[in-house]
Amino acid sequence: MSSDNDSNNVTGTDTGTGTDSPFRHERTDRDEAPQFVLPLVVHIEKATPPARTDALETAARAVLVMLSDERSLGEGEWARAIRDWQDARIRKVVRRARGAEWRRASALPGLTVIGTGLSTEAVPPAEVRVFPPVPLDGWPKELAKLQVSGTDLADPEPPPAADPAHPVLWLNPELDMSAGKAMAQAGHGAQLAWWELSDTDRKAWHTAGFPLAVRTPDAAHWRELTAAGLPVVRDAGFTEIAPGSATVVADHPALRS
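In my numbering, the protein residues as written are 624 to 880.
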């Protein structure tokens, strides 16, 4: 994630379904609509960054929290922005903040989601703040000043095996994505799963606090996942990877055949 041009950040994807999907990388009628972006800001202090997997999972949950918040539904104060965003391309941009930057970002309308963290004080839980969608060229100045680069994170230790009873967002093992890019892609995967669920399954997931894991399978498992009929995120190719690349498979228990 090295570009500061918002239109070139981690954004479009392609589910491979429907002729007018908001995730297709081919040009569609959605490109003629006003374009919006969902801003996500990850708290990264230089001396104490969060773990990579915790940041990815927290970003995915932040997207779900925004989509399910009462202010995003019906006639809520964020509902129009959510509708405008979903009527066009589904764009997400992850930026980083520390110190005063994080405090200023936290003062803007939005939601902060805190990760599960690790069992060590040296690695704090991830914190991700998600904001209502904004016009592609109309970012609040407090967010527009934040850097896109510098979101390279690591896991101090391998994450545990994912609980098969919970949703898993599987990352393509053949792609090398920065943490910021992977956070946005995990958010896309969570959103695809959310769209595919019944109202009953959505309510159950919400009530449980959106448990989920982000993991990277081996090559053989990845091939099985992409052929399983589950939602697949495909990138539009604005940064880092080629257009149409499959980045995430959203594996929710309720969507398994």
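The beta-carbon is built from N, C-alpha and C at its ideal position, and this holds for glycine as well.
Treat the numbers as computed from the prediction; the structure is a model and nothing was measured.
CA-to-CA distance, residue j to residue i, given in whole angstroms
i      : j      : result
Arg675 : Asp799 : 13 Å
Ser729 : Arg721 : 11 Å
Val753 : Pro662 : 6 Å
Ala704 : Ala850 : 34 Å
Asp824 : Ala877 : 7 Å
Phe833 : Asp654 : 31 Å
Glu698 : Arg712 : 22 Å
Ala843 : Pro854 : 18 Å
Arg719 : Gln814 : 21 Å
Asp677 : Leu776 : 10 Å
Gln808 : Thr870 : 7 Å
Arg879 : Pro840 : 17 Å
Pro796 : Leu690 : 28 Å
Lys764 : Glu847 : 44 Å
Arg857 : Gly812 : 10 Å
Ala831 : Gln658 : 33 Å
Ala670 : Leu794 : 27 Å
Trp818 : Ala827 : 14 Å
Ala785 : His829 : 19 Å
Arg714 : Trp708 : 8 Å
Integer Cβ distance of residue i from residue j, believed to fall under 8 Å
i      : j      : result
Ala810 : Ala682 : The sequence given here has Gly at residue 810, not Ala. Right, the Cβ-Cβ distance comes to about 5 Å (below 8 Å), so this counts as a contact.
Ser801 : Glu700 : That pair is no contact at about 33 Å.
Leu737 : Pro755 : Before going further, note that residue 737 is Ile rather than Leu in the sequence given. Ile737 to Pro755, Cβ: 19 Å. No contact.
Val660 : Leu734 : Rounded, the Cβ-Cβ distance is 16 Å, inconsistent with contact.
His789 : Leu835 : 6 Å
Pro779 : Val757 : At roughly 34 Å, the Cβ-Cβ gap does not stay under 8 Å, so Pro779 and Val757 are not in contact.
Val837 : Val751 : 13 Å between Cβ atoms; not a contact.
Leu792 : Ala873 : 6 Å
Met806 : Val717 : 5 Å
Leu679 : Glu724 : At roughly 21 Å, the Cβ-Cβ gap does not stay under 8 Å, so Leu679 and Glu724 are not in contact.
Paired residues, beta bridge with residue i - DSSP
i      : result
Pro758 : Phe659
Arg752 : Val664, Thr735
Val791 : Ala836, Asp874
Arg714 : Bridge partners of Arg714: none, in fact.
Arg719 : Val665, Gln770
Residue environment, residue i, which counts as buried when at least 16 other CB atoms sit within 10 Å
i      : result
Lys804 : buried
Ser695 : buried
Arg726 : exposed
Ser868 : buried
Pro672 : buried
Ala816 : buried
Glu693 : exposed
Thr739 : exposed
Ser644 : For Ser644, the predicted model reports a pLDDT of 49, less than 50, meaning its position is unreliable; a value from the coordinates is still stated below. Burial call: buried.
Any non-hydrogen atom of the ligand GDP within 7 Å of residue i CB
i      : result
His829 : Among the ligands in the structure shown, none appear at all, so the ligand GDP cannot be discussed.
Inset, instruction - Can you check the stretch 645-698 for any alpha helix (DSSP H) of at least 4 residues that lies completely inside it and give the ranges in chain order? - result: If we require 4 residues or more, the alpha helix (DSSP H) runs fully inside the stretch 645-698 come out as 675-691.
Inset, instruction - Starting from the N-terminal side, write out each stretch of the beta strand (DSSP E) that is 3 residues or longer and does not extend beyond the stretch 818-875. - result: Within the stretch 818-875, the beta strand (DSSP E) runs of at least 3 residues that lie entirely inside it are, in chain order, 836-838, 855-857, 869-874.
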